[in-house]
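Counting from 1 along the sequence shown, just add 878 to a position and that's the residue number in my numbering.
Every residue, glycine too, gets a C-beta built ideally from N, C-alpha and C.
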Amino acid sequence: IQHSFNAWVKEFGTGNKEHQQIIEQCEAFLNAYGLSRFAPLPYDPSSMPIRDLAGYRKRKSSHDDAPLVFYTFPATFEKEIAQGFNARQFA
């Protein structure tokens, strides 16, 4: 039994699996739509219309390699990003 348990822990870890699934789902959404459905700030809709706008994105600083920060609309978050999970727990 101990061997089976150790193999299971090695494969899945000891953390909360649901939390990991939530993080993976969010990462998958941002990887798929981060540049196509999140408008850069500042944003001029007339120069770059975005279909199914999910929110906005901006760099943490002016450096090109700075991380992006994503601001998501509540409806997109509840219906798409947190789909299958309790949206309040997800946040």
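### Query
Does the distance from the CB of Arg937 to the CB of Phe916 come in under 8 Å?
In this structure, Phe916 does not lie closer than 8 Å to Arg937 by Cβ.
#### Entry: Proximity below 8 Å, CB of Phe948 to CB of Ala960
Not in contact: Phe948 and Ala960 (Cβ atoms no closer than 8 Å).
### Message
Please report the straight-line C-alpha distance between Phe883 and Glu889, rounded to a whole angstrom.
### Response
For Phe883 and Glu889, the distance between alpha carbons rounds to 10 Å.
### Task
Would you mind stating whether Gly933 and Thr950 have Cβ atoms separated by less than 8 Å?
In contact: Gly933 and Thr950 (Cβ atoms closer than 8 Å).
### Message
In the DSSP assignment, the alpha helix (DSSP H) including Lys895 goes from what residue to what residue?
### Response
Element bounds for Lys895: 895-911.
### Candidates Cys904, Asp922, Pro927, of which the one nearest Glu956 by Cα
With distances taken between Cα atoms, Glu956 lies closest to Cys904.
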